[in-house]
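Protein sequences, first through last, are from chains E and P. The opening position of the first sequence corresponds to residue 3 in our numbering, with each subsequent residue numbered one higher. The opening position of the second sequence corresponds to residue 2 in our numbering, with each subsequent residue numbered one higher. By construction, the Cβ of each residue, glycine as well, lies at the ideal position given by its N, Cα and C atoms. Here is the structure we will look at.
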Amino acid sequence: MTDLNKLTLADARDKLRAKEITSVELTESCLAAVEKSGELNAFVHNTPEIALTQAKAADARLAEGDAPAMCGLPIGVKDLFCTKGVPSQAASRILEGFLPEYESTVTQNLFDAGSVMLGKLNMDEFAMGSSNETSVYGNAVNPWRRGNDDAKLTPGGSSGGSAAAVAADICLAATGTDTGGSIRQPAAFTGIVGIKPTYGRCSRWGVVAFASSLDQAGPMTKSVRDAAIMLEAMAGHDAKDSTSAELAVPNFEAMLTGDIKGKKIGIPKEYRMDGMPAEIVKLWEDGTAMLKAAGAEIVDISLPHTKYALPAYYVIAPAEASSNLARYDGVRYGHRATLAQGDGITEMYEKTRAEGFGHEVKNRVMIGTYVLSAGFYDAYYNRARRVRALIKKDFDDVFAAGVDAILTPATPSAAFGLGEMNDADPVKMYLNDVFTVTVNLAGLPGISVPTGMDSQGLPLGLQLIGRPWEEGDLLNTAYALENAAGFVAKPSQWW
Amino acid sequence: MLDLTYETPKPKVIAGAKHDWELVIGLEVHAQVSSNAKLFSGASTQFGNEPNANVSFVDAAMPGMLPTINEYCVEQAVRTGLALNAEINLWSAFDRKNYFYPDLPQGYQISQLYHPIVGEGEIIVDMAPGIARKVGVERIHLEQDAGKSVHDMDPNMSFVDLNRTGVALMEIVSRPDIRGPEEAAAYVTKLRQILRYLGTCDGNMQNGNMRADVNVSICRPGQYEKYQETGDFSHLGTRCEIKNMNSMRFIQMAIEYEARRQIAIVEGGGKVDQETRLYDADKNETRSMRSKEEAHDYRYFPDPDLLPLEIEQAWVDDIKSTLPELPDEKKSRFVNDFGLSEYDASVLTAESENAVFFEEVANGRNGKLAANWVINELFGRLKKDDKGISDSPISPAQLGGVIDLISSDAISGKIAKDLFEIVYTEGGDPAQIVEDRGMKQVTDTGAIEAALDEIIAANPAQVEKAQQNPKLAGWFVGQVMKATGGKANPKAVNQLVAQKLKG
Numbered sequence: 003m004t005d006l007n008k009l010t011l012a013d014a015r016d017k018l019r020a021k022e023i024t025s026v027e028l029t030e031s032c033l034a035a036v037e038k039s040g041e042l043n044a045f046v047h048n049t050p051e052i053a054l055t056q057a058k059a060a061d062a063r064l065a066e067g068d069a070p071a072m073c074g075l076p077i078g079v080k081d082l083f084c085t086k087g088v089p090s091q092a093a094s095r096i097l098e099g100f101l102p103e104y105e106s107t108v109t110q111n112l113f114d115a116g117s118v119m120l121g122k123l124n125m126d127e128f129a130m131g132s133s134n135e136t137s138v139y140g141n142a143v144n145p146w147r148r149g150n151d152d153a154k155l156t157p158g159g160s161s162g163g164s165a166a167a168v169a170a171d172i173c174l175a176a177t178g179t180d181t182g183g184s185i186r187q188p189a190a191f192t193g194i195v196g197i198k199p200t201y202g203r204c205s206r207w208g209v210v211a212f213a214s215s216l217d218q219a220g221p222m223t224k225s226v227r228d229a230a231i232m233l234e235a236m237a238g239h240d241a242k243d244s245t246s247a248e249l250a251v252p253n254f255e256a257m258l259t260g261d262i263k264g265k266k267i268g269i270p271k272e273y274r275m276d277g278m279p280a281e282i283v284k285l286w287e288d289g290t291a292m293l294k295a296a297g298a299e300i301v302d303i304s305l306p307h308t309k310y311a312l313p314a315y316y317v318i319a320p321a322e323a324s325s326n327l328a329r330y331d332g333v334r335y336g337h338r339a340t341l342a343q344g345d346g347i348t349e350m351y352e353k354t355r356a357e358g359f360g361h362e363v364k365n366r367v368m369i370g371t372y373v374l375s376a377g378f379y380d381a382y383y384n385r386a387r388r389v390r391a392l393i394k395k396d397f398d399d400v401f402a403a404g405v406d407a408i409l410t411p412a413t414p415s416a417a418f419g420l421g422e423m424n425d426a427d428p429v430k431m432y433l434n435d436v437f438t439v440t441v442n443l444a445g446l447p448g449i450s451v452p453t454g455m456d457s458q459g460l461p462l463g464l465q466l467i468g469r470p471w472e473e474g475d476l477l478n479t480a481y482a483l484e485n486a487a488g489f490v491a492k493p494s495q496w497w
Numbered sequence: 002m003l004d005l006t007y008e009t010p011k012p013k014v015i016a017g018a019k020h021d022w023e024l025v026i027g028l029e030v031h032a033q034v035s036s037n038a039k040l041f042s043g044a045s046t047q048f049g050n051e052p053n054a055n056v057s058f059v060d061a062a063m064p065g066m067l068p069t070i071n072e073y074c075v076e077q078a079v080r081t082g083l084a085l086n087a088e089i090n091l092w093s094a095f096d097r098k099n100y101f102y103p104d105l106p107q108g109y110q111i112s113q114l115y116h117p118i119v120g121e122g123e124i125i126v127d128m129a130p131g132i133a134r135k136v137g138v139e140r141i142h143l144e145q146d147a148g149k150s151v152h153d154m155d156p157n158m159s160f161v162d163l164n165r166t167g168v169a170l171m172e173i174v175s176r177p178d179i180r181g182p183e184e185a186a187a188y189v190t191k192l193r194q195i196l197r198y199l200g201t202c203d204g205n206m207q208n209g210n211m212r213a214d215v216n217v218s219i220c221r222p223g224q225y226e227k228y229q230e231t232g233d234f235s236h237l238g239t240r241c242e243i244k245n246m247n248s249m250r251f252i253q254m255a256i257e258y259e260a261r262r263q264i265a266i267v268e269g270g271g272k273v274d275q276e277t278r279l280y281d282a283d284k285n286e287t288r289s290m291r292s293k294e295e296a297h298d299y300r301y302f303p304d305p306d307l308l309p310l311e312i313e314q315a316w317v318d319d320i321k322s323t324l325p326e327l328p329d330e331k332k333s334r335f336v337n338d339f340g341l342s343e344y345d346a347s348v349l350t351a352e353s354e355n356a357v358f359f360e361e362v363a364n365g366r367n368g369k370l371a372a373n374w375v376i377n378e379l380f381g382r383l384k385k386d387d388k389g390i391s392d393s394p395i396s397p398a399q400l401g402g403v404i405d406l407i408s409s410d411a412i413s414g415k416i417a418k419d420l421f422e423i424v425y426t427e428g429g430d431p432a433q434i435v436e437d438r439g440m441k442q443v444t445d446t447g448a449i450e451a452a453l454d455e456i457i458a459a460n461p462a463q464v465e466k467a468q469q470n471p472k473l474a475g476w477f478v479g480q481v482m483k484a485t486g487g488k489a490n491p492k493a494v495n496q497l498v499a500q501k502l503k504g
């Protein structure tokens, strides 16, 4: 069988269990796709030996009839996850040469469930960015192109490598992380599914921290069903992460009935931004109509503090980042600058961090340091925390009023060209997160589902936001939307 | 039980060139929690291990590592708070204090700035029998210790030892209620005593397991009382903080020096800068630690890796029910139950091991006699050998045995001291030793009478003199004691001598 790499997780799983294929065959197919994918720059570190070892082990388990959820399924892992003995650099020069002696809880959970790791995936440096252009490895490239235009487009970010790899069928699925939209925006830009679960659903242990109170890992997959399968394997309480929830993980896949009759779907008026492209407006209206046709009740809702979300996010996230990134000081691991005679510890810090961090990371560390500094703390950080509480309350009120899920656009536009934002005000880049950051601030689950195309043939996605801890219900609504939208387009292979 | 009542000590007054000045002192004591593992990691806290032997991935701040709270350390902070009659905050939270230093791998210290686990409490600081200062405790919070930077091993390199990194500290912050160098030392002593009673900190100052930052300011007499009435700090002088003191003696010397330095500045028309200073014991002076430009902005903010620390009142109550008897209660009880002087009670309760030893000796015996023997004979003897009570070669039962022999008039006080020395050096059952070695006091009046009769018969001239001047009877007593090898019961001898000389 050819093109096994094009399978979904669910289909591959079924074929493996039916002994139609082996994990080694599946893995080799993916590894071949990895080899051919250089132009996409999605994989930044390949681990074929690990993949084949895991595939063989998976085949042995399959032969014994002991096949856990992800048994034998090849995936890619975002470079933000620490993987034992495998370079884990968060796409930053400052972690040059760093080989963790530990495995992140999420990747360990995936391995325990039988997953096969093909390698590490490109991303924005320390997950800071929306275009994958801040990576020390250079940007990943979106497999989608505008019509016959050769211009390379961004896969989005920060999980750009993950999105590109899944969209291009290089791997069956990938891990992502989402601090302000880093799973959902790239998923929307590449026509795949990405879910950010409720904060606390997936352990953050072993995931390089960007903004601790916002970071969550999640799956990036070819279908909603795959997202359900993979999220279940990733999630779970972890005593090593104090913010991990002590809750049982439901069987998400079993909740995918596609039946959303009587579900109340909220359409927040504040997300109808001024100057929103007509295509996005239409996508949203179409999605609304699809859910209504599937039996859901559509209600207009208000999330009044939405407009303050982006500014609050760009205070809180950099504040936490400025502190989280202090450990990259050249003392114990990673990059250390070559020092001149007479240089002391201050010079070592300054030179190491000047060389090790890229421009965007430095921007955010400086913003974060500023907003936490004496005299500004109340005006910025504390005020942003209060805004955050209000945003959370907006959602609480809506859910308390009986709304089951909220439908919004995932992004304000389709994928843009690489380099297009180079000269733009950084705030323009930050606007990519305008529909997604509220979800992180409120700690809610949010999923991006591809539901349409723009006039240039680029995929567009809608976002569904769910009640906390009800990813199963959210996935089911997303499943109904996916069924109704029938998005099956794939990028034509040019790489 | 009766509470002991105290008078407040007078504040220390230093005469400047122009005026008299008083001191106002507040202390921040860092006490290392006696725990096996660190505050947020499972690494060992064992002192004296090879450098960097006690380091987990969390302590080394490896990427993606997260802190998880050590419940035992929380319990010790609560226990300490309860012992200081402090408010226990069922809701507290951890904050990050951000600064760069090689022995601080995270680039921040996890501490509790905004919401400490323990609130207001107090400590009675004994200065002399009947005189004590009540010092308010503002708060106790939990925080991580830093590691150690070593700069003198190599001319070009610095080294870092992370063994201490992340070890749990309780920072115990006093109110500015301390009024002199001696009171400051006494405060630390008392706090150390309480912590050792509780077992929440071993109080080892040499190893740095307990150290203090000392805040010193000066004011004119009367100003402190105004501050107390109003709570307005502007009545007091500008304070300077002397960092990291780990000796009672240096604490006192540093305060004395610092107060005089401030007096000289103010009397010279200058202003004291609020700053952090270091004490140099070799030169006996304090020096500014960093200039204003170098002052840190710690950018405290709530640690997003840790949820607020919520504890249950029932758990606090459980801890409370297991608190040991504390020094003040014990002292008071010793005074009331054993009839001891406050001074003796203080000596015996200074260390809980001493108090336990004493109680075993004193139980069922004369408390004062037991106290005398424990304090004067045992402590003196142990001190001579440079031993602590836990190394005492003589057990409470043995010492009790010696005392029993005194109380039953089986041996005299003088013989008892010999007996003590024998038991101390050779061991054994005191009663048996007395029996075996014939040390028993002769209370048999017949034997004493026989000896006395012999002496009277042999010394008629002395008898005559003594009959005229009864004060000379002592000579006969001495002779009888000599004749009986010191074993005669002195009381019986006295009686008999008096009787016989009367004729």
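Chain P residues whose Cβ lies nearer than 9 Å to that of residue i
i: E/TYR273; result: The contacting residues do not exist; E/TYR273 stays about 27 Å from chain P at best.
Buried/exposed call for residue i, threshold 16 Cβ in 10 Å
i: E/GLY182; result: buried
i: P/ASN86; result: exposed
i: P/LYS388; result: exposed
i: E/ASP427; result: exposed
i: P/TYR433; result: Note on residue identity: the sequence assigns Gln, not Tyr, to residue 433 of chain P. Counting Cβ neighbours within 10 Å, P/GLN433 comes out exposed, since fewer than 16 surround it.
Where residue i meets chain P, residues with beta-carbon distance less than 8 Å
i: E/ALA241; result: THR69
i: E/VAL333; result: PRO103, PRO106 and VAL161
Within-8 Å CB hit, residue i to chain E
i: P/MET2; result: With a pLDDT of 42 at P/MET2, under the threshold of 50, the modelled position of this residue cannot be trusted; read the value that follows with caution. No, because no Cβ of chain E sits closer than 8 Å to the Cβ of P/MET2.
i: P/LEU40; result: no
i: P/GLN107; result: yes
i: P/ALA16; result: no
i: P/ASN99; result: yes
i: P/PRO103; result: yes
i: P/PHE1; result: Residue 1 of chain P falls outside the range modelled here, since chain P spans only 2 to 504, and no answer is possible.
i: P/GLY381; result: no
Any chain P beta carbon closer than 8 Å to residue i
i: E/ARG147; result: no
i: E/TRP286; result: no
i: E/GLY208; result: yes
i: E/ALA115; result: no
Distance cut-off 7 Å: residue i Cβ against heavy atoms of the ligand NAD
i: P/MET128; result: Of the ligands one can find in the structure shown there are none, so the ligand NAD has no counterpart to examine.
Chain-ordered neighbours of residue i on chain E, where CB pairs are closer than 7 Å
i: P/ALA282; result: Per Cβ cutoff of 7 Å: no residues; P/ALA282 is ~26 Å from chain E at best.
i: P/LEU308; result: SER244 and THR245
i: P/GLY65; result: CYS84, SER106, TRP207, GLY208, VAL209, VAL210 and ALA211
i: P/ALA61; result: ARG334
Reduced DSSP secondary structure (H/G/I, E/B, other) of residue i
i: P/LYS466; result: helix
i: E/ILE194; result: coil
i: P/ASP454; result: helix
i: E/THR340; result: coil
i: E/ILE408; result: strand
i: P/MET2; result: Its pLDDT being 42, under 50, P/MET2 is placed unreliably in this model, and the value from its coordinates should be taken loosely. The answer is coil: DSSP assigns P/MET2 none of H, G, I, E or B.
Chain-ordered neighbours of residue i on chain E, where CB pairs are closer than 9 Å
i: P/ARG165; result: Under the 9 Å cutoff, chain E gives no residues; its nearest Cβ is about 16 Å from P/ARG165.
Residues that residue i contacts on chain B, provided the C-beta gap is smaller than 7 Å
i: E/GLU322; result: Structure shown: chain B not included; protein chains present are E and P.
Listed by chain order, chain P residues near residue i by CB distance under 7 Å
i: E/THR371; result: ARG300
*Within the segment 414-488 of chain E, note down every full alpha helix (DSSP H) run reaching 4 residues or more, in order along the chain.*
Runs found: 428-432, 439-444 and 473-487.
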